[in-house]
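Please read the structure below before turning to the comments.
In full-length UniProt numbering, the protein residues as written are 1 to 568.
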């Protein structure tokens, strides 16, 4: 009988562990582990863990008028991971359910379940948020089940019947459920470690991007490629790192550098495919790498395309040696690094093009790329890598989107919808930097979204509102982005509740004077001049401001001209 109980309980516990694995992948669960869950999140998790306990009851084995079960796994896990309140909450749900089912142990088992949740929560509190090892979890689970057996003996009558029951179910439940809780916690620790590895890799990619920022501003050539490859090789455990253009290897650093030499024609088929398709490619064997050297130590390579706009201009290649494969972490690391490098290369091409335009156009284009914003954004993302890797990942993509659109939008007309998306990427970074100090309100009529306007019309106005209005004030800052259609015009407003502009400075700005000491008015005048040129003096640009209350910039664009604009 006892061995049968061991077998059945092990099977039931495996079901609970499977549920635990699925729950461990949810965002709410990860927030709880990082101590960032809201009250709503915690209540939801209490329900989930309580439901696991109820599932453990329903899968229980009827023995001597009672149930041998794995109810404790979900309840104790709730306490160990979330603290006393979560443990008690899950215990109340699972224990209350057990009490309602009836049986001579119904009351004692219900009480024991609540006490087990409290017991596990107190262990969580005693550890002070430190990670629980699987050995500690095993001991805690077994102790919780011993507590349950004691409660059954103390509260169940007749005592002789309770004793007979505990003699049969005690040892199997203590051992199997203890092991189940240990495995549960092990699953959680694995999820934490994976997230931590991801955060470290993201932080590593940003650190490398920071170091290569000035190098790649000179473009992609043999000199810059060698310096970049050396930095990546020094900062990672890769066997080798290489960069190519569309025809040849520009640099190869690390193992096999004696025969993978710069200047040689690309041999790897995966590299040609990446150049052609613009997708990441994997060469998973020495043969796929295409090296003819018999003793080449390289066994796997990830090929990451490097883009400038819609063109693939080269690749980044990271290698593993024999006995190693390209892992999912390597894939994410390479993809993130490729995106950052592509952004830097777009900046380089923009600067090269800017040398060919007039001085006025040069100032306008250079104003699009603010190095201080980039450095601040990278530092913000690095800080989130340590506290919220998912947020860091989202901000990284927002940063890439912002710069890509920033570089592309300066040369063409875009829809109002695209311009709003560009602003959202910019504001996502700013909101991450200033947290609750910045509130954004967007109210744009749906019918207005398809109208076209010059790229980078609104972002400089929003940036100006933040730098010279909101951030110089105290308390909650608010940016409002409004757009609507009138019979003959598309009207767009950018409002802020910042410090405002004095009447004297406001008059100078309206006259087109740039206040060089603060930079106030430069972005505004660039936008005003572009609108004047594009719409042949038919668009209206106005700015109103009150000191201490804020500023409002209004663009009034003829609908017939806006709808007729074509791509440049």
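Glycine included, each C-beta is placed from N, C-alpha and C at the ideal position. Keep in mind that this is a model prediction, so the values were computed, not measured.
How long is the line joining the alpha carbons of residue i and residue j, rounded to whole angstroms?
i           : j           : result
residue 380 : residue 398 : 12 Å
residue 331 : residue 221 : 24 Å
residue 42  : residue 77  : 13 Å
residue 39  : residue 47  : 12 Å
residue 552 : residue 561 : 24 Å
residue 179 : residue 280 : 42 Å
residue 413 : residue 310 : 17 Å
residue 5   : residue 74  : 19 Å
residue 91  : residue 455 : 58 Å
residue 416 : residue 459 : 12 Å
residue 66  : residue 112 : 14 Å
residue 364 : residue 526 : The predicted position of residue 364 is uncertain, since its pLDDT is 49 and thus under 50; no value can be drawn from it.
residue 93  : residue 104 : 19 Å
residue 219 : residue 257 : 23 Å
residue 440 : residue 497 : 11 Å
residue 284 : residue 110 : 55 Å
residue 547 : residue 190 : 55 Å
residue 81  : residue 107 : 26 Å
residue 203 : residue 278 : 25 Å
residue 18  : residue 72  : 15 Å
residue 580 : residue 300 : The structure shown does not extend to residue 580, since the chain is modelled only from 1 through 568, so no value can be given for it.
residue 213 : residue 343 : 10 Å
residue 11  : residue 22  : 17 Å
residue 250 : residue 229 : 10 Å
residue 322 : residue 286 : 9 Å
residue 391 : residue 437 : 18 Å
residue 377 : residue 420 : 19 Å
residue 53  : residue 184 : 13 Å
residue 116 : residue 146 : 10 Å
residue 101 : residue 95  : 10 Å
residue 387 : residue 317 : 30 Å
Check the DSSP bridge columns for residue i and list the partner residues they point to.
i           : result
residue 252 : 242
residue 281 : 303
residue 442 : 481
residue 265 : 248
Quick check: residue i and residue j, are their CB atoms within less than 8 Å of each other?
i           : j           : result
residue 240 : residue 333 : no
residue 302 : residue 266 : no
residue 152 : residue 144 : no
residue 426 : residue 462 : yes
residue 346 : residue 312 : no
residue 494 : residue 465 : yes
residue 550 : residue 475 : no
residue 141 : residue 114 : no
residue 231 : residue 238 : no
residue 288 : residue 274 : no
residue 442 : residue 481 : yes
residue 243 : residue 314 : yes
residue 176 : residue 13  : yes
residue 57  : residue 98  : yes
residue 255 : residue 298 : yes
residue 170 : residue 121 : no
residue 166 : residue 63  : no
residue 335 : residue 304 : yes
residue 264 : residue 248 : yes
residue 506 : residue 543 : yes
residue 45  : residue 29  : yes
residue 402 : residue 422 : yes
residue 79  : residue 124 : yes
Provide the residue span of the beta strand (DSSP E) that contains residue i, from first to last.
i           : result
residue 299 : 298-308
residue 114 : From DSSP, residue 114 is part of no beta strand (DSSP E) but of the alpha helix (DSSP H) over 106-127.
residue 63  : 61-63
residue 67  : 66-68
Can you tell me where the alpha helix (DSSP H) with residue i in it begins and where it stops?
i           : result
residue 454 : First-last for residue 454: 452-454, but that is the beta strand (DSSP E), not the alpha helix (DSSP H).
residue 314 : Counting along the chain, residue 314 falls outside any alpha helix (DSSP H), though it belongs to the beta strand (DSSP E) covering 311-321.
residue 135 : 134-155
residue 158 : Here residue 158 belongs to no alpha helix (DSSP H), and DSSP marks it neither H nor E.
residue 131 : Unbroken run through residue 131: none, as it is neither H nor E.
residue 325 : Neither: residue 325 is in no alpha helix (DSSP H) and is coded neither H nor E.
residue 97  : 84-101
residue 222 : 222-235
residue 44  : 39-58
residue 287 : 286-289
So is residue i in contact with chain D if we call contact Cβ pairs under 8 Å?
i           : result
residue 111 : Within the model displayed, chain D is absent; a lone protein chain is all it includes.
Checklist entry - In the UniProt domain "Histidine kinase" (458-561), which residue ranges form an unbroken beta strand (DSSP E) of at least 3 residues, counting only runs that do not cross its ends? => result 477-485, 489-496, 540-546 and 550-558
Checklist entry - Could you give the uninterrupted runs of the alpha helix (DSSP H) lying entirely in the segment 372-437, keeping only those of 4 residues or more? => result 389-409 and 416-434
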